[in-house]
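See below for the structure under consideration.
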Amino acid sequence: MSTNNPLLQDFKFAPFSKIETEHFKPAITEAIQLAKSEIENIASAETEPTFENTIEELEFSGEKLDRVTSIFFNLNSAETNAEIQKIAQEVSPLLSEFRNDIILNEALFKRVKAVYDQKDQLDLTTEQKTLLDKKYKAFSRNGANLPKEKQEELREIDKQLSALSLNFGENVLAETNKFELQITNEEDLDGLPESFKEEAKAVAESKDKEGWIFTLDYPSYIPFMKYAKNRELRKKMAIAFGAKGFHGDELDNQENVLKIAKLRYQRAQLLGFETHAHFVLQERMAETPEKVDSFLNELLEKAKPAAEKEFATLEEFAKELDNIDRLEKWDSAYYSEKLKQKLFNLDDEKLKPYFKLENVIDGVFTVAGKLYGLQFNETSEVEKYHPDVKTYNVTDENGKDVALFYADFHPRPGKRGGAWMTEYKSQYVKNEKEERPHVSIVCNFTKPTKSEPSLLTFNEVTTLFHEFGHALHGMLANTVYPSLSGPNVYWDFVELPSQVLENWCYEKEALQLFAKHYKTGEAIPMELVEKIKESSNFQEGMQTVRQLSFGMLDLSWHAIDPTEVNDVKAHENKAFEPTKLYPDVPENCMSTAFSHIFQGGYSAGYYSYKWAEVLDADAFEYFSEKGIFSKEVADKFKNNILSMGGTEHPMTLYKRFRGKEPQPEALLKRAGLIEK
174 MSTNNPLLQD FKFAPFSKIE TEHFKPAITE AIQLAKSEIE NIASAETEPT
224 FENTIEELEF SGEKLDRVTS IFFNLNSAET NAEIQKIAQE VSPLLSEFRN
274 DIILNEALFK RVKAVYDQKD QLDLTTEQKT LLDKKYKAFS RNGANLPKEK
324 QEELREIDKQ LSALSLNFGE NVLAETNKFE LQITNEEDLD GLPESFKEEA
374 KAVAESKDKE GWIFTLDYPS YIPFMKYAKN RELRKKMAIA FGAKGFHGDE
424 LDNQENVLKI AKLRYQRAQL LGFETHAHFV LQERMAETPE KVDSFLNELL
474 EKAKPAAEKE FATLEEFAKE LDNIDRLEKW DSAYYSEKLK QKLFNLDDEK
524 LKPYFKLENV IDGVFTVAGK LYGLQFNETS EVEKYHPDVK TYNVTDENGK
574 DVALFYADFH PRPGKRGGAW MTEYKSQYVK NEKEERPHVS IVCNFTKPTK
624 SEPSLLTFNE VTTLFHEFGH ALHGMLANTV YPSLSGPNVY WDFVELPSQV
674 LENWCYEKEA LQLFAKHYKT GEAIPMELVE KIKESSNFQE GMQTVRQLSF
724 GMLDLSWHAI DPTEVNDVKA HENKAFEPTK LYPDVPENCM STAFSHIFQG
774 GYSAGYYSYK WAEVLDADAF EYFSEKGIFS KEVADKFKNN ILSMGGTEHP
824 MTLYKRFRGK EPQPEALLKR AGLIEK
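Counting from 174, one number per residue, gives the positions in the sequence shown under the working numbering.
See below:
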């Protein structure tokens, strides 16, 4: 098979055009065998264990497997189908088993431990010390010190977790694709922008149906909730969106949630940790669940009074406008948008003409050029997994290769919701040869229509900058080892590069570079820029409380013993109590579609968004003081944060960049929660 399987050949770029779905399982199976023999060679070596022949060899083992699985799992997120999902269910336990085979390989651990025990006598670089520490912990934190029968128990738990989390994600995607709201009476479209109606009509036509079709994909769902005048239809959409995985049918995720939470707890206990959160946070800047809890509660104390005030204002406004007695969740976006228009005379429809997707892409490239000297040239030489994908060669000011960049912007049935950054290949140096990274961002932005190009909402603009910030972390990586490269950092540090870049979306100096009317080419009027800036704090109290509620829900599953929890909804309601503003919707449940924590890597880590906001507000304050395109600050950020990956403790890197520890005041000031 290997002779004609393109995934098992040597390739520089992912060979998408040659890959058939049936290539994946044999390629992964064979790549596992290859990686196993590499591991066996390290473990059974008769030479004395050294950093080079054990730690470095281990770091660079399984290279083929990494390339193949990154292609496979990226496709499973961005361009999946029933066949790929079936293969994912089949290969995930194999990969989980393989990872455990490494961690629980006694002879291998013995060699790693031998190097670790003499680390103080070795002449290692800072990066090598970090790698050694990371490799040792990968064993000790995952059961290498456990007796045999406990190790077997751990293997079984990992296998189950791997399958459950995949199943969770498949159910959420199937639920999203299953629902559609078909409207045939034009009056029911009252309030919706023309371009949005046009897109809904195109969806209906593509399905050979009458009228207009709205779905739970973000570019369809969010504008509907924001602009649709018909309250009953908003309610229908909101309940469908909030009830994903909560219908008591074959796509229900309640059992998955309970099993995942309980298995994670069992796993942590096996390894000698109090809870899953204690296990996770040992390797985070925040260190303990208690610290995260007090961080979230401290912010809640500052934000809750502002949120309650904003909520009362919104409720009063809705009553005045439409005689609404009680504000419900499906009223939130609609009346917030109306109030924002009243206060700032600013709405997305006014802004969208200035944010044509291609112009925003050019804008983010220009910002990266001014800050870090990068240049982006679209290329047709690189294969794509879908015609929508764009590919770029990234070079520095001297024309030297920096990265290959893939960008995939629009929703499709085979693509999960949201936006993310991923890599097809990390940056590293091996045998004195530098390998540059292949980085990708995947988003779900408004599609072009027959009459208009893709025009982004301001929220989509900030999302693009956010994901591109992650991409820069990958592109500008400059380390020796792949597992310490780019975004391979502590989870509560990983959002700093992405969140800090969002700040440029609010700055006149940056907006003038790319926010130009798609028809006239006229630059965005300064009064609109001022309004964007002014309105950036609009309902910041409510937004903050909402984010904190997600962090608290995450901790409520992972910082406790969940063995007695049997009712997902009741548990969730209790967790949401301190942050509650809107009445509960009995048909809805967030946990059953909370992919970040039950499918992505954010379990016991959702607080990271707020944690990184403290860092990003503090970092951007430095840029603001010196000028947002200050070469001095940009170089410091690039050299101490972006290029360094996970080679040192994040706080060490941050202090080297900033000269001091981050202070929450910058965030609270920016959010308007304390006086400037």
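Where is the CB? At the ideal position from N, CA and C, for every residue including glycine.
Exposed or buried, what is S234 when buried is set at 16 or more other beta-carbons lying within 10 Å of its beta-carbon? buried
Determine the extent of the alpha helix (DSSP H) in which A683 is found, giving its start and end residues. Its alpha helix (DSSP H) spans residues 681-687.
Using three-state DSSP, classify K603 as helix, strand or coil. strand
Please say whether F810 and L544 have beta carbons closer to each other than 9 Å? yes
Whole-angstrom distance between A311 and V602, CA atom to CA atom: 22 Å
Nearest by alpha-carbon distance to V702: which of S599, D520, Q720 is it? D520
DSSP bridge partner residues for F638 (one or two, in chain order): None, per the DSSP bridge assignment.
Need the endpoints of the alpha helix (DSSP H) that M715 sits in, please. For M715, the enclosing alpha helix (DSSP H) covers residues 713-731.
Which one of A261, V288, P670 has the shortest CA to CA distance from E230? V288
Exposed or buried, which one is I847 when buried takes at least 16 other CB atoms within 10 Å? exposed
Can you give the Cα-Cα distance for T622 and A375, rounded to whole angstroms? 8 Å
Note the first and the last residue of the continuous beta strand (DSSP E) segment covering H420. Premise fails: H420 is in no beta strand (DSSP E) and is neither H nor E.
Nearest residue (CA-CA) to I412, options E447, E423, F352: F352
What's the gap between the Cα of L826 and the Cα of I705? 32 Å
Run the CB neighbour count on R589, radius 10 Å, all protein chains shown included, and call it buried at 16 or more, exposed below. buried
Once DSSP output is grouped into helix, strand and coil, what is the label at F352? coil
Could you tell me the distance, in whole angstroms, from the CA atom of E489 to the CA atom of Q720? 24 Å
For L815, three-class secondary structure by DSSP: helix
Residue burial classification, N470 (beta-carbon count within 10 angstroms, cutoff 16): exposed
Alpha carbons only, please: which of L267, S729, N273 is nearest the one belonging to N746? S729
Identity of the residues DSSP links to S613 by a beta bridge: Y579, T595
I need the boundaries of the alpha helix (DSSP H) containing F538, first residue and last residue. Counting along the chain, the unbroken alpha helix (DSSP H) around F538 starts and ends at 530-545.
Taking all protein chains shown into account, do 16 or more other C-beta atoms lie within 10 angstroms of the C-beta of G832, making it buried, or fewer, making it exposed? exposed
Determine the closest residue to N566 out of L628, V430, M648, with distance taken between C-alpha atoms. M648
Candidates F631, Y654, P660, of which the one nearest E675 by Cα: F631
Three or more C-beta pairs below 8 Å linking the segment 679-695 and the segment 655-669: no
Looking at the secondary structure, which residues open and close the alpha helix (DSSP H) in which K198 lies? 197-216
In whole angstroms, what is the alpha-carbon distance linking T349 and S505? 21 Å
For the candidate residues N429, A790, Y507, S671, whose alpha-carbon lies nearest to that of A844? A790
Starting from the C-beta of E680, find all residues in its chain whose C-beta is less than 6 Å away, skip the five residues before and the five after it, and write them out in chain order. I801
Expressed to the nearest angstrom, what Euclidean distance is found between the alpha-carbon atoms of L248 and A347? Per the coordinates, the alpha-carbon of L248 lies some 16 Å from the alpha-carbon of A347.
Residues of its chain near K502, where Cβ-Cβ distance is below 7 Å and the 5 sequence neighbours each way are ignored: A411, Y755, V758
With 9 Å set as the bound, which would you pick, yes or no: does the beta-carbon of Q439 sit closer than that to a beta-carbon of chain C? Here chain C cannot be found, since the structure has a single protein chain.
Sub-9 Å separation of A766 and V264 beta-carbons: Taking 9 Å as the cut-off, the Cβ atoms of A766 and V264 do not count as close.
Mind checking S560: buried by the 16 CB within 10 Å criterion, or exposed? Before going further, note that residue 560 is Pro rather than Ser in the sequence given. Answer is exposed; the Cβ neighbour count stays below 16.
The segment 261-280 touching the segment 208-221, judged by at least three CB pairs closer than 8 Å: yes
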